[in-house]
Structures are given as structure tokens and as C-alpha cells.
Amino acid sequence: MSSLREASQPSETMSGAASLVRSLEAVGADNVFGIPGGAILPAYDPLFDSSVRHILVRHEQGAGHAAEGYAQVTGKVGVCMATSGPGATNLVTPLADAHMDSVPMVAITGQVAGPSIGSDAFQEADICGITLPVTKHSFLVKDPGEIPQAIASAFHLASTGRPGPVLVDITKDALQAGTTFSWPPTLDLPGYRPVTKPHLRQVKEAAKLIKAAAKPVLYVGGGVIKSGASAVLRELVELTGIPVVTTLMARGAFPDSHDLHMGMPGMHGSVAAVGALQRSDLLISLGARFDDRVTGHLPSFAPLAKVIHVDIDPAEISKNRHADVPIVGDCKEAIAELITLLKAEQLPQWSTWQSFLAEVKKRYPTGYDVPSDGSLSPQQVIQRIGQMTGPDAYYAAGVGQHQMWAAHFLPFEKPGHWLNSGGLGTMGYCVPAAMGAKVGQPDKVVWGIDGDGCFQMTNQELVTCALENIPVKIAVINNQSLGMVRQWQTLFYQGRYSNTDLQTNRVPDFPKLAEAMGCIGLRAETDDQVDAVIDKALSIDDRPVVVEFAVHKDAMVWPMVAAGTSNDEIKVARDLAPDWDEEEL
Amino acid sequence: MNHTLSVLVEDKPGVLTRVAGLFARRGYNINSLAVGPTEHPAMSRITLVVDVEDHVLEQVTKQLNKLVEVLKIVQLEPDSASRQLLLVKVKAEPANRGQVLDVIQLFQAKAVDITADTITIESAGAPERMAALIKTLEPLGVKEIVQSGVVAIGRGSRSISDRALRTRTEP
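If you read the protein sequences in the order shown, they are chains V and S. Under our numbering, the first residue of the first sequence is numbered 1, with each subsequent residue one higher. Under our numbering, the first residue of the second sequence is numbered 1001, with each subsequent residue one higher.
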């Protein structure tokens, strides 16, 4: 705050680089993940003396995912910094990831000097052009006088409306030139007017549909977490008794332990959640976007349902599925309005519907088989980590089978404690995202649940964690293969395992690799070792820990709806479909 | 079906790239695009003609609106004044020169350049009229055609940019 007050003195003279750092201080950025290089170098000099903590990562992709992780657990804007050219292009994946999953993030990149732009100069890349489709907005700053305004605008854009990543590309000569700094700058964004307040008439229409529905379902997406709407959502559920499903991005938005929670819908959703949507006559979609991983074959998705669609982004409404009642606005406000209206109504009991779903939930719990050969069950390992650590911890996952198992078997009771790459499906997300989460929540336990494939993409950030005192815990669920791809080869390619065998049996040796990076390395290969290594990992708080779990190779993620098919074709195990007919209403 | 959109944008570098890029990556087709300054120095106007179904048009509009530098989008009525500029170089040898001149007169076009064996014709008007002119000239020997994108403006006294400017002063 002192920097803010200091900054309110008008027009100090300084370099563009100093103006950038002062802007970051003034806007409240306390942690920046990055790597210096030629074009961004001027900024690193004033950063050396700043109150902003810079965390020197080992790869720019790590900086980007760490900024995402930090943003997810703090609700603040995550910041990453890189130099021009390859530094900037290494940020493309995290930018795309943040764009898909609506993560508030600001990426600051150096650019070659203004007069050199377009000359194919050393380390020149048109990063604004390259990232155009994967950013919410971007600025190319050539005039040092524009730096405070660009930074303030970037943070405003990233954090308001539908959150997303914003890139600020600043030329080296703008960083070096002298300028005047004053704060706060005026924002000049005349075309940016996000609607947060829902239209009351639309909410009334929604209340009418709810009152008339026989089988309503709350289809809860990541927007509920972004808007901080978990508490009002719970109030709405308790008031109405409407069953809930939470998407991959919304795990934790509503407690899994609640009777009315049917679990996660989608390709690897629970039978109860998928069944709830397919049989529903009214979907109340809250901050969800009817992603293909949820809907499956779109024309046969929830065929009998009318749709109420609440989203802060008008373009999501009726994009994939027609909305009978569109509501543009913030989920928290929309739910609060809905509660007010519904309190005044005599609502149906929906008890037949509730008991039907409760029966499905009981009959088809999300479970797993323990392998008969004595090897570890990956699901059981993940479940034990969750049970022994509890719902207060933060959990990041990579992408693939372990991600789906984590989504099923971790304890989801609190919003914002689950980090994963939902939309883009970025392998390598886990380690750096866990690092960012631990920086954002230093007093909480942060577990990364990673696969052996994912881990080998970004594990070098454990060096950063070891040296910067960021004691994350990473579980490597090692099935020696690219498990999810292998699962598809098992099911759809006649078991022809083309290039999915990573042969990760001691090459690399994960505990040794961990030790080499300054972490503690542990391994469990048998049942009786599982609890002991988790205990050990939980007891270490001064260094990052990597625990390798050598698990059964052939474990598959169930339930599953094959890509492109109808949700009605859900299988609870290979060639085993749930028996719907027994549960007719 | 063709729809004409008037898109008011901030006059900043890269805006046209953002608009064109959005169409490319979302798979919408642009039939015609024209961009130019307006009565307000900070504002440019892009006229887009797109051939899409109604529900796709809604998506196009919503996605365009998400671009930070887009100020306002108006779908113009079918009766709006729509104009295109056309320049055509046609063979005009002694044998058909009379015919070419007849066409110029018939379409109230203009000859902007005359050589021994060609006439370059200028015409501006509704896109359908320009198409008719080209069709009529084709049998006479068209050597080169250049056309502008369509620009369009609504009929009546109301201005779409008036209201856009009002919104510019909102916080």
C-alpha cells in the first residue's frame, strides 16, 4: 500500500523500466514468475530493488503455468515475465491454457527496439500476432509514457468480466527511455463493458421454468468458482433441493459430500451426473460452457431439457446449445436474485427425481478394481493421498488418466482448491501450477498429482521450488506409459500400443531425479508402502517432495463415454452399460 | 444469406487484424470487407458482408463484441444504402468500341482512361448493379477488374456513431 501512496505523487521522472516496476507495485502484483533475457533486461534492473518478488523459473512455460496456479488459489491476477522471441513464444502454451480456462493472468514480454521491429532482428517474434487467438487482449507498447496505462488496463481486463490472459509486449527502447510516471493512469477502454448484473426479467423467466420443472439439474461450471458463488449456490440447493453436477473445472464449487451432489458429468463423468443431465427436463447452467467433453454427441445431449444458461460471457450463451432463458451476468449475482425470487414461491418437492438419482448414485458409485497381481492401483493411491491430506489442501493435476482419477477420488469440499488444465488439456501443467499455488498459499499443503508422461515435460521447475523455498509435494503416478492415449489404443485401436510405452521403469529414476533437483525423492511399489510414503511426504515441510508410485499399467478410467457418441452410451466398465430400465420413474 | 454489419472500432494499430483473425479462426466466411475513417478521428468503421445462417450471425456479433477495441456493431437493414466502387479495363478495339461506350452510358459509368485498344471504366453503386455491369462487359473482353469492399449506411436521420460516441464517455 505504501507504494500506492508513494505513487500518487504526480509525474516522477524515471526510465520506462522503472515505470514498469512501479506500475506492477502500484497494481498490487506481489509475485512475478519469469526469466530475463536481452529485450526485457532493462526491466530486471529496477526489479532487483523492488518489493515485488521475482521467482526465477527454469523455463518460460513454467512461469506461465505458475502464474495460472497462483491466480487460481489467490483470486488475484497471476504475472509472468519473459524476454522477446523464444522467451515470449514459450509463453504461448500457458496463455492458451489460461484463455481456455478463463484464468486471470498478465504476461509481460520484452520486444526488440521499436526501430528494429519487422527487420527479423535477433530474438524478434511478433508475439502479439502469435498470441492474438489465445489472449483476451494484448498491448504492444513502444512509448514509455504508455507503460502505466498498459499495465493498469491489462490487470483490469484480465480480472474483470470473463477473466483471461492479457499480454503486454514492451520494446527495449521504451524500457530504456526516460519518461514520467504517475499513478493511477486513466483507463481508456471504451469498447470494454462487461455485463455483471443479470437482467431481472430474465431471472424471473428462469424462476418460472424452475417452478414448472419436474427434473431440474444445476449444471455447475468453473464460472461459479471464478465469481465466488459457492456459498450462494449452496443456499440455492438447500432452498430448492435441486440436484447438482460439477464439471471438471468446477470440482469443489459444491461439496462432494452433499447428498444432492451427483458428481462430475462428461466423458469420464459419474453415471449419476451423466444420467441426471440426460434425463433432466431443465438444465440450470451456471458458468459452464457446454463443452464437448461434457455434452458428448451434441444433438443427443440432455434431449428432453429446457436450458437456463447463466454466463458472464454472452458469446457462450447459445453457442453450442440453444438457451431457452439466457442470463448474461455474474453467477453470484444471478444466483442471489434467483434465491430471492424462489423464496417467495411454492416450489415442487422433486422427491421422486431426487430419489431416482440417489438410487443411481448408490448403484453406480465411481469405483475401481484393485489389481490382482499385487501392483498398486492408481485410483487407490490418489484416493489415499486425498484421505490422508484432507480437503484443506490444494491439489493440482496434470492431464490424462491421473487427472480424471484425481477428479473422481480427491476430497472436493472447497472451491478453488483444485487446479487443472481443463480446456486445453496441457500435459506439463501440474508441477509449475503447483509451484504457483504454493507461492499463493504458502501455509497450505499443495499436492501435485502428476503422471510419468506429464512430469517429464516440466519437472525442471522443481529446481526452482527447491531453491526458492517452495515446498510442493508431487505424486508421480507412474504407469510407464502415456496412459490415457494407451487406454484409447486399448479400446479403439485393437491394443496396438504405438508410441505410448514410455518405458519409465527406472529411466528416469524419479526419486534420484528429485534428489538431483534438490528435492526429497520417495517411492512406493507395494500396497504396504503407500501410506508410509504419503506420511513421510506430509511430514516434510522444508523441501519439495517427489513421490513415485509405481502403479498398474492397465488401469483404465471409467465410466467413459466414447468421443463423439451420445452420453446415453456411457459405459461403467468395458462393454458394461448401466441398466437404466430398472430405475424408470 | 448475406448480412451487412457495420462495426465501429477504435482507430488503433492491429484492429483490422483482430477482426479478420477472429473470422478466420472461428471459421466464418467474409464476403466483403471495407474499412475507413469516420466523422470521429478516434473511430474507424468496418463494413462486413457475411454469408451465414441467423444463429451463426448471432455468434459472429457476440464474438466481435468481445474484442476490446470494438465499440459497436449494427446489423444494417436490407434497405440500407450499400455501395461498391468498381474499375474495369475492357478491350475497346474499333470493332467493339461503340458497344463499350453504349454500356458506359447505359450504366451511367465513366471512362477514366482510354488507350488505342482499351477503355478503363469507373462505376460506383449497389453491389448488384456492379455485378450486372461486369456481366454486361464480359462478352466484350474484360482484361482486368478491381473492386472495393462494400460500404453501407442506414437510411433515415439516425446515426449509429452518435450513439457509439455517447457510450464512449461512460466510465
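Using N, Cα and C, we set each Cβ at its ideal position, and we do this for glycine too.
- Among the residues facing chain V, Val1074 (chain S) is not included, as its CB has no counterpart in that chain under 7 Å away.
- The criterion of a C-beta distance shorter than 7 Å is not satisfied by Lys553 (chain V) and Asn499 (chain V).
- Arg523 (chain V) carries a strand assignment under DSSP once its states are collapsed to helix, strand and coil.
- Met81 (chain V) carries a strand assignment under DSSP once its states are collapsed to helix, strand and coil.
- Under the 10 Å beta carbon count, Thr366 (chain V) is surrounded by 16 or more other beta carbons and is classified as buried.
- For the alpha helix (DSSP H) assignment, the uninterrupted runs of no fewer than 4 residues enclosed by the stretch 327-413 of chain V are, from N- to C-terminal side, 331-343, 351-363, 378-389 and 401-409.
- DSSP places Ala1124 (chain S) outside any alpha helix (DSSP H); the residue lies instead in the beta strand (DSSP E), whose first and last residues are Thr1118 to Gly1125.
- By the criterion of a C-beta distance shorter than 6 Å, Asn505 (chain V) is surrounded in its chain by Gln480, once the five residues flanking it on both sides are discounted.
- Chain S has a Cβ within less than 7 Å of the Cβ of Pro314 (chain V).
- Just so you know, the alpha carbons of Ile477 (chain V) and Lys332 (chain V) end up roughly 37 Å apart.
- Per DSSP, the continuous beta strand (DSSP E) segment holding Asn1031 (chain S) begins and ends at Ile1030 to Pro1037.
- Straight through space, the alpha carbons of Gly69 (chain V) and Ala96 (chain V) are spaced by roughly 14 Å.
- Taking 3 residues as the minimum length, the beta strand (DSSP E) runs contained wholly in the stretch 285-321 of chain V are 306-311, in order along the chain.
- Taking 8 Å as the upper bound for CB-CB distance, Leu1064 (chain S) and Val1056 (chain S) are not in contact here, some 12 Å apart.
- For Val217 (chain V), DSSP records a beta bridge to V:Leu283.
- Rounded to the nearest angstrom, the gap between the Cα atoms of Met1001 (chain S) and Asp1054 (chain S) is 8 Å.
- Contacts with chain S at 7 Å (Cβ-Cβ) include Gly191 (chain V).
- Proximity of Leu298 (chain V) to chain S, defined by a Cβ-Cβ separation below 7 Å, is not satisfied.
- For Leu538 (chain V), the three-state secondary structure derived from DSSP is helix.
- If you check the CB distance, Ile382 (chain V) and Phe409 (chain V) come in under 7 Å.
- Proximity of chain V to Arg1025 (chain S) at the Cβ level (cut-off 8 Å) is accounted for by Pro133, in chain order.
- Partner residues in the beta bridge of Phe181 (chain V), as assigned by DSSP, are V:Glu12.
- When DSSP assignments are scanned along the stretch 1080-1149 of chain S, the uninterrupted stretches of alpha helix (DSSP H) that are 4 or more residues long and fall wholly within it turn out to be 1097-1106 and 1127-1141.
- Any Cβ of chain S closer than 7 Å to the Cβ of His137 (chain V) would place that residue at the interface, and such an atom is present.
- Under the three-state reduction of DSSP output, Phe455 (chain V) falls in the helix class.
- For Glu238 (chain V), the enclosing alpha helix (DSSP H) starts and ends at Ser230 to Thr240.
- Below 8 Å, too few C-beta pairs join the stretch 535-555 of chain V and the stretch 1009-1020 of chain S to call them touching: fewer than three.
- Each residue's CA atom was taken as its position, placing Asp313 (chain V) and Leu467 (chain V) some 41 Å apart.
- Straight across, the Cα-Cα distance linking Ile317 (chain V) with Thr1136 (chain S) is about 47 Å.
- Bridge partners of Glu548 (chain V) according to DSSP: V:Val476 and V:Arg523.
- With a cutoff of 7 Å on beta-carbon distance, Tyr429 (chain V) and Gly451 (chain V) are scored as not near each other.
- Under the DSSP assignment, Gln111 (chain V) falls in the beta strand (DSSP E) whose first and last residues are Met105 to Gln111.
- Within chain V, the residues placing a beta-carbon under 9 Å from that of Gln1059 (chain S) are Ala315, Ser318 and Lys319, ordered along the chain.
- For Met435 (chain V), the three-state secondary structure derived from DSSP is helix.
- In this structure, Leu132 (chain V) places its C-beta atom within 7 Å of the C-beta atom of Gly1021 (chain S).
- Rounded to the nearest angstrom, the gap between the Cα atoms of Ala1131 (chain S) and Pro1139 (chain S) is 14 Å.
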